[in-house]
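Numbering (this note's numbering), first residue to last: 274 to 700.
Yeah, the Cβ is synthetic: ideal placement off N, Cα and C, and Gly gets one too.
What follows is one structure encoded as structure tokens, with my remarks underneath.
Okay, here's the thing in structure tokens:
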């Protein structure tokens with residue numbers, strides 16, 4: 274299990290030893306690498322191809338959004354390494370008997386905290402299917418930039434004593450990263466964003482910028498808005514078709530577009546060495562999301578700048594982030610008068626983009642895509658919605674019960690203190 278800062282070379286830390294072992298006895302399928310996102314799967318495959326070229330390495334990428342028949346054909350050819358997202362690989366295991374993973378020597382979970390967390394992206398079912406198809410006698414490697422409670426728990430319950438390495442630095446982000454915040458009123462956030470981008474474009478025309486947003490809709494609107502201001506921007510979010518996502522990433526990597534507006538789809542593992550600035554359009558709700566986002570810049574010893582737009586409602590989130598990364602964010606200075614000059618224009622443009630997007634049934638398409646995905650997984654969308662509502666209800670009940678127990682314990686302690694005080698007075 275390895276836990277180290279973003280951009281510190283975690284991918285090479287497992288690719289090179291696996292290739293060394295493979296060279297001793299090459300056969301397929303030798304290694305399985307699981308990742309939470311499709312884009313990361315392609316990036317890891319790239320590393321295997323470059324470093325494994327002298328060995329004549331054969332790899333296979335198994336991710337959603339691509340043709341299952343051609344993927345099944347690739348798997349039947351026994352590639353040395355399979356790089357996959359859990360959902361699509363589990364589908365192949367359930368529906369095909371043309372390949373076997375019973376001789377796998379290595380299982381790698383990259384971004385392990387995301388793969389093992391439970392919540393909106395719960396891979397539990399898929400992982401159970403995959404673990405049932407691979408041998409128990411194997412070496413399992415888990416890598417992440419953030420050490421979560423789940424990973425800590427896994428470390429403690431492992432059957433064999435695991436090797437665990439964590440970066441010893443007190444600060445959770447790299448030293449070359451300049452981390453700032455900009456306190457802005459909620460309603461003028463976009464004007465500050467446009468001002469920042471204009472400033473960076475004027476001063477450093479060759480700089481690449483990633484802007485992170487919280488939702489697909491926000492991502493799409495901001496891209497439409499920035500393009501109306503003639504900024505070279507492109508969007509990346511889960512509502513886009515897989516080919517469009519790869520094309521967007523490719524164009525940004527090649528510097529055809531200098532600005533990438535993305536959801537947290539792009540915050541995990543993606544290695545784009547030339548990114549100079551990361552802007553958080555929203556303050557991340559969890560410190561680990563912040564760490565992964567800002568980790569897209571200042572990679573492999575390079576310097577970088579991260580600016581988080583903080584509204585009056587986000588102060589507590591900033592404090593949580595500072596506590597986690599063990600350092601204080603510095604305020605970024607901006608001339609307010611320059612922002613006010615463009616405020617009306619930005620607000621009008623944003624509203625025009627919102628109206629245009631509403632005309633494309635963007636929200637309805639999102640719901641349709643969700644239902645399609647559930648049907649492909651063999652699930653009933655209506656039953657899943659009901660199950661989700663019941664889980665939410667149970668969570669609330671559990672929270673209420675915990676609070677009730679906490680109050681009861683507190684009351685009991687207070688009563689004990691009062692009884693002791695009364696006893697002392699009587700003595």
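| Asked | Found |
| --- | --- |
| Give the C-beta separation of residue 388 and residue 359 to the nearest angstrom, bearing in mind that I take them to be a contact with Cβ-Cβ under 8 Å. | 7 Å |
| By the three-class DSSP mapping on this structure, what secondary structure does residue 381 have? | strand |
| Given the structure, does residue 534 come close to the ligand HEM, in the sense that its CB is under 7 Å from one of the ligand's heavy atoms? | Among the ligands in the structure shown, none appear at all, so the ligand HEM cannot be discussed. |
| From the DSSP output, which residues share a beta bridge with residue 553? | 485, 581 |
| Residue 277 lies in the beta strand (DSSP E); which residues open and close that run? | Per DSSP, residue 277 belongs to no beta strand (DSSP E) and is neither H nor E. |
| Taking 8 Å as the threshold (C-beta atoms), are residue 483 and residue 533 in contact? | yes |
| Is residue 300 helix, strand or coil when you go by DSSP? | coil |
| Spell out a yes or no on whether the region 471 to 490 and the region 550 to 560 are touching, meaning 3 or more CB-CB pairs, one atom from each, closer than 8 Å. | yes |
| Taking the alpha helix (DSSP H) that residue 622 falls in, what are its first and last residues? | 609 to 631 |
| Assuming contact is defined by CB atoms lying nearer than 8 Å, are residue 381 and residue 455 in contact in what I supplied? | no |
| Determine, using beta carbons only, whether residue 332 and residue 353 come nearer to each other than 8 Å. | yes |
| With DSSP run on the structure shown, which of helix, strand or coil describes residue 416? | strand |
| Below 8 Å, how does it come out for the region 485 to 505 and the region 593 to 610: are there three or more Cβ pairs, yes or no? | no |
| To the nearest angstrom, report how far apart residue 371 and residue 541 are at their CA atoms. | 32 Å |
| Residues in its own chain within less than 6 Å of residue 695 by CB, not counting five upstream and five downstream? | none |
| Going straight from the alpha carbon of residue 285 to that of residue 357, what length do you get? | 17 Å |
| What does DSSP give as the partner residues of residue 333 in its beta bridges? | 355 |
| Contact between the region 559 to 572 and the region 489 to 505 is defined here as three or more beta-carbon pairs at a separation below 8 Å; is this criterion met? | no |
| What residue range is occupied by the uninterrupted alpha helix (DSSP H) comprising residue 475? | 462 to 476 |
| Determine the direct distance from the alpha carbon of residue 446 to that of residue 593, and round the result to whole angstroms. | 15 Å |
| For residue 254, list the residues DSSP reports as bridge partners. | Outside the modelled stretch of the chain, which goes from 274 to 700, sits residue 254, for which no answer is possible. |
| So is residue 690 buried or exposed if we call it buried at 16+ other beta carbons inside 10 Å? | exposed |
| Per DSSP, what kind of secondary structure is residue 604 in: helix, strand or coil? | strand |
| Taking all protein chains shown into account, do 16 or more other C-beta atoms lie within 10 angstroms of the C-beta of residue 585, making it buried, or fewer, making it exposed? | exposed |
| Do residue 556 and residue 587 come within 8 Å of each other at the CB atom, strictly closer than that value? | yes |
| Under three-state DSSP, which class holds residue 528? | coil |
| What residue range is occupied by the uninterrupted beta strand (DSSP E) comprising residue 452? | 450 to 456 |
| Are the region 311 to 325 and the region 343 to 351 in contact at 8 Å, needing three or more beta carbon pairs? | no |
| Using the DSSP secondary-structure output, state which residues sit across from residue 534 in a beta bridge. | 484, 508 |
| If we call anything under 8 Å between Cβ atoms a contact, is residue 611 one with residue 477? | no |
| Quick test of your reading: residue 406 and residue 374, contact by CB under 8 Å. State the CB separation rounded to the nearest angstrom. | 5 Å |
| Tell me whether the beta-carbon of residue 418 lies closer than 8 Å to the beta-carbon of residue 277. | yes |
| What are the residues that DSSP puts in a beta bridge with residue 548? | 481 |
| To the nearest angstrom, how far is the alpha carbon of residue 398 from that of residue 345? | 21 Å |
| Within a Cβ cutoff of 7 Å, which residues of the same chain sit near residue 505, ignoring the five residues on either side of it in sequence? | 530, 531, 532 |
| Give the C-beta separation of residue 411 and residue 377 to the nearest angstrom, bearing in mind that I take them to be a contact with Cβ-Cβ under 8 Å. | 6 Å |
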